[in-house]
Each structure stands twice: as C-alpha cells, then as structure tokens.
C-alpha cells in the first residue's frame, strides 16, 4: 500500500515540474500602452474672403490674376467663354473679327462656359481682364450681369497692349446697378510683383 502511495506522490511531483518548465518558454503578453488612437478634429481651412475672377484670352491677364491671388491669399476663378477666342478672333487690324465686332456693340453678351463662380462665398471680388478697344471684353459684361453682387466690395485690374484702363471700371460698376461697393481700378503689367500688388490693394483697404 505504501509503495502505491509513494508512486502516486512521485507522479504528481514529476507532473508539477513539467508544468513549470513549459511556462518558461511562453512569452508574457502585456497590454500595449504605447499605441495611441488619434482623431483629427481640426476644422477644414477657411476659404479666403477675396475672390480673384479673371478672363484671359492670351495668358497675360491670367498671369496677373495668379500673382494677385498669391499676393492677397485669395481664391482664384477663371471666367471662360463657351466658345474660346482664337488667335484670328483677336486680330484687331481686321474689323470683321469676333473681338472687334463684339467690342463695337455694347449689347453683345458672349455665353459663359459655366455659371459656378462662388460669389456668395466671398466678401471681396477682384475682376481681372484685358483691355480691348478701351474697354473690358464683353464676356466681362456677361459675367457681371450673371451674378448678384449686393454688398460685395469690388474693383477691376487690367492688362493691356497699349491702352489705359479707361472707363472699364465705371462701365462694369453700372452693370452691378449700384448694389456693390466699387473701388477705383488699376492697369498693371502682366508680371506685376507681389509687393506692387499688395501696396495697391492695401491703399484701397482690401
């Protein structure tokens, strides 16, 4: 009987030793305290209060518009005609060309490619355009008449091959029917510096 009892005790001791040995080979699992779940709760960047809306047939006014938007931290919008102007359309030596015919008739309104300018999202609207025959191209008339500029601060800046800004600003202002707050415009070179642009608009209160 004693032999049987001793045999059982010995067996239990051996099993216990084996169990302890097997635990040593196992890796200890600890909770991960280094990983952090981050949630970006920051609001999206606010849009600028200023919109630079430009029409450019040759690229000169586009360059001025881009420089202006960069200088003022403004948003940029391109005014596009439904039918783009070709090089032949811009031949001012031929009175039958498209641009010449349009500029001689102040009732012409070239169609816009879209009417999605974010006017309501901005407080200040800067119109950028070339000067054709002493005035803004008729596509600018179409643009101004297509939106409600009530309460907006507005001005126009231009590029030209030789003409001055003329009465283009006065003409566009009339098309807003007294609903916008207009500031005097200015003729710039296409590559006007940011410092020059900033200086002008600071003087205007923009």
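Numbering (this note's numbering), first residue to last: 823 to 1028.
The beta carbon of each residue, even a glycine, is placed where N, CA and C say it ideally should be.
All of these numbers come straight from a predicted model, not from anything done at the bench.
In the DSSP output, which residue or residues are listed as bridge partners for residue i?
i            : result
residue 949  : 875, 978
residue 903  : 934
residue 1003 : 975
residue 869  : Answer by DSSP bridge pairing: none, since residue 869 is not bridged.
Starting from residue i and walking both ways along the alpha helix (DSSP H), at which residues does that stretch end?
i           : result
residue 963 : 960-967
residue 894 : 882-894
residue 993 : 990-997
For residue i and residue j, what's the separation of their Cα atoms in angstroms?
i            : j            : result
residue 934  : residue 982  : 22 Å
residue 883  : residue 1011 : 9 Å
residue 994  : residue 964  : 10 Å
residue 969  : residue 917  : 31 Å
residue 989  : residue 928  : 13 Å
residue 925  : residue 931  : 10 Å
residue 1004 : residue 950  : 14 Å
residue 939  : residue 915  : 33 Å
residue 912  : residue 954  : 9 Å
residue 1017 : residue 1000 : 31 Å
residue 876  : residue 1023 : 17 Å
residue 873  : residue 1007 : 15 Å
residue 894  : residue 1020 : 7 Å
residue 1025 : residue 923  : 37 Å
residue 920  : residue 1002 : 30 Å
residue 862  : residue 871  : Residue placement at residue 862 is flagged as unreliable, the pLDDT there being 36, under the threshold of 50; the coordinate-derived value follows with that caveat. Going by the C-alpha atoms only, they are around 25 Å apart.
Could you check where the beta strand (DSSP E) with residue i kicks off and where it finishes?
i            : result
residue 924  : Note, residue 924: premise wrong, no beta strand (DSSP E); alpha helix (DSSP H) at 920-925.
residue 1018 : First-last for residue 1018: 1016-1026, but that is the alpha helix (DSSP H), not the beta strand (DSSP E).
Using only CA atoms, which one of the options lies nearest to residue i?
i            : options              : result
residue 980  : 948, 1017, 1026      : 948
residue 945  : 1025, 915, 896       : 896
residue 1015 : 892, 876, 1028       : 892
residue 952  : 879, 914, 894        : 879
residue 987  : 960, 956, 1000, 996  : 956
residue 1053 : 889, 923, 1006, 869  : Beyond the ends of the chain as shown, which are 823 and 1028, falls residue 1053; an answer cannot be given.
residue 959  : 1000, 903, 996, 1008 : 903
residue 996  : 936, 985, 966        : 966
residue 937  : 887, 1013, 899       : 899
residue 991  : 919, 888, 962        : 962
residue 885  : 901, 978, 1013       : 1013
- Query: How about the segment 968-979 and the segment 894-908: do they share at least three Cβ pairs that are nearer than 8 Å?
  - Reply: no
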